[in-house]
Amino acid sequence: MTAKSFLLVIFYNVFAVFNSLVIAYENSGNDAHVYLDYKPEARGLHYVNSLIEEYTNRIINSSLQIELVRADEEISRGRMGLTLWVHERWNIPEMDEKRSSQAFDDRVKLPISEDQTLRVSPETVFKNSLYFKLHRSPSPNVFLEVARDGRFVTHSKVTVDIPCTRILPMKEDYVEYPICGRELTLRRHYSQRRYEDVICELRYGSFVRDKKLLSLQWAFNAITGHTVPCSNEIVPRCSIQEILTFHRDVEFIGDSYDELIACFVLTYHHNVNRYI
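Letter by letter, the sequence shown follows residues -24 to -1, 1 to 252 in mature numbering (1 follows the signal peptide of the UniProt record, and there is no 0).
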């Protein structure tokens, strides 16, 4: 017998013994404790859409939270630019009621590109924006989060310009302004005033989903980042005094809609050099 033939015989015998051991192990019942390393099904946007597509015309409960990143006043042009992280949390009550088990074992986070859309969403917009830009770095800064309880959260980073109104100093102690969805009463101290009040209004809601399809509210901690200045000079000529949030019902083409309003009250020095 040649050396080559001898090696083939040994290899064949070893293989036969190994195969018999595997068969014996499989027939022993111990395979119940074997854990297979496998990759679970990819849960992308297509999978999410398959879960929610039957709820297209169902009511959605939604709450909005805004994280203020940057504010840039353009009071001379009657506007202010805001860079924001917008967090909108929503769920479909009918989907929650019918779901017998959790749709997701773990929380899922997905980036959303410009050519992707959700079959069902609140379909909300900044209703009075003068300018709007979605941030990219380099892909769009839009993310979808699906929690274990089936609730959805969309996160998006945007820049939006909103209209502003300058309120000139007056001698009255209290002046009411019919703006931001209600009468605002600002306390005046004319003898000490060296600045103007500026009021900027942000309106958020839907033109598509009325109150029968969308219940929209502010989140508990509605707006964060109040300390962001609205000008970048050494001595800032603009500062955010307070941010007031409201909810109101509006009528549009015969339907009633929920609308969220954020009212930015600014203190503004027209010529900051006068006070240095």
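From the three backbone atoms N, C-alpha and C, an ideal C-beta is built for every residue, glycine too.
- Between ILE68 and LEU120, the C-beta gap is not smaller than 8 Å, which leaves the two residues out of contact.
- Closest option to PHE108, judged by alpha-carbon separation, among GLY126, VAL174 and LEU58: LEU58.
- Where ILE28 is concerned, the enclosing alpha helix (DSSP H) starts and stops at 21 to 28.
- Taken through DSSP and simplified to helix, strand or coil, ILE219 comes out as strand.
- Per the DSSP secondary-structure output, GLY181 pairs in a beta bridge with VAL101 and GLU235.
- Annotated as distal: LEU220 and CYS176, with beta-carbon spacing of 8 Å or more.
- Residue pairing by DSSP places SER39 opposite ARG65 and GLN193 in a beta bridge.
- According to the DSSP assignment, CYS140 belongs to the beta strand (DSSP E) that extends over 128 to 143.
- Put simply, the backbone Cα of VAL122 is about 34 Å away from that of ILE229.
- The region 38 to 45 makes contact with the region 186 to 196, as at least three CB pairs between them are under 8 Å.
- Judged by DSSP secondary structure, LEU120 falls within the beta strand (DSSP E) whose first and last residues are 118 to 122.
- CA-CA distance, THR93 to ASN104, rounds to 23 Å.
- Annotation: the continuous beta strand (DSSP E) that includes VAL84 extends over 84 to 87.
- ILE216 and ARG53 have their C-alpha atoms spaced approximately 18 Å apart.
- Within the same chain, and ignoring the five residues on either side of GLU29 in sequence, the residues whose Cβ sits closer than 8 Å to its Cβ are ARG95 and VAL96.
- A Cβ-Cβ separation of about 7 Å places THR100 in contact with GLU64 under the 8 Å criterion.
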